[in-house]
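Heads up, the thing below is written out as structure tokens.
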Amino acid sequence: MSQGRGAGEGRPAAGVLLGLDYGRKRIGIAVSTPLGTVHPRERLERGALEEDLAALAALAEETGAEAIVIGLPHHMDGKTSDMERETRSFALTLAAACGLPVFGSDERLTTEAADSALRQTSKGWRDRKARRDSAAACIVLQDFIDAPARGERIA
């Protein structure tokens, strides 16, 4: 991970991070290694909130995650969107359920970037659609690792 993440800055030290691309129907998931490489995981199909929180808490425990990074969907002009408020609320609830700090990272255009990258490697639109959410989570997480100053602690 980046050197700029000392414990005194409220940032996680080098370790495993769980990255999320929050959505009302699906949550894209990515996991980083202690060296900062990012890997997609199978997306979570949304169910009841309690089930979603339990699944993400179990994944955080399974991977040994030290923190969670969630994409914040700002409007293109930087203003707060309704979806961003919903995402922040989910992040606070998730932090309480997992007992882990949650950081936010700007996710503007990550879905488009994920689609573009997947067009290069995926043959059909169904494959791209199935992998898009977790690919977007990878981009959110990689951006947080690469530019920690742009992230913010939510909980």
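Numbering-wise (my numbering), the sequence shown opens with residue 2 and increments by one. All residues carry an ideal CB built from backbone N, CA and C; glycine is no exception. As the structure is a computational prediction, the values presented were derived from the model and not from experiment.
Which partner residues does residue i have in the DSSP bridge list?
i       : result
Glu-153 : Gly-105
Ser-33  : Val-39
Asp-147 : BP columns for Asp-147 are empty, so no partner.
Leu-83  : The residue asked about is misnamed: residue 83 is Asp in this sequence, not Leu. None, per the DSSP bridge assignment.
Just the Cα atoms here: how many angstroms apart are residue i and residue j?
i       : j       : result
Ala-148 : Leu-50  : 31 Å
Ala-92  : Asp-53  : 12 Å
Arg-99  : Glu-153 : The amino acid at residue 99 is misidentified as Arg; the sequence shows Cys. Answer to the nearest angstrom: the Cα atoms are 18 Å apart.
Val-141 : Gly-48  : 23 Å
Ser-82  : Pro-74  : 7 Å
Thr-88  : Gly-24  : 8 Å
Ile-28  : Glu-43  : 9 Å
Arg-129 : Ser-135 : Here Arg-129 scores only 49 on pLDDT, less than 50, and its place in the model should not be relied on; the value that follows carries that caveat. In a straight line, the C-alpha of Arg-129 is about 10 Å away from that of Ser-135.
Pro-35  : Ala-138 : 17 Å
His-40  : Ser-33  : 6 Å
Leu-95  : Lys-80  : 23 Å
Ala-31  : Asp-78  : 27 Å
Met-84  : Ser-90  : 10 Å
Ala-97  : Gln-143 : 24 Å
Glu-63  : Ala-56  : 10 Å
Gly-1   : Leu-18  : A question about residue 1 goes unanswered here, because the residues of the chain that appear run from 2 up to 156.
Ile-155 : Phe-145 : 14 Å
Phe-60  : Asp-107 : Sequence inspection shows Leu at residue 60; the Phe mentioned does not correspond to that position. Between Leu-60 and Asp-107, the C-alpha separation is close to 23 Å.
Lys-26  : Leu-45  : 9 Å
Just reading off the beta strand (DSSP E) that residue i is part of, what are its end residues?
i      : result
Arg-44 : 39-46
Gly-20 : 18-22
Taking residue i as part of the alpha helix (DSSP H), name the residues at either end of that continuous run.
i      : result
Ala-55 : 50-64
Looking at the structure shown, is residue i part of a helix, part of a strand, or coil, going by DSSP?
i       : result
Val-70  : strand
Arg-27  : strand
Asp-134 : helix
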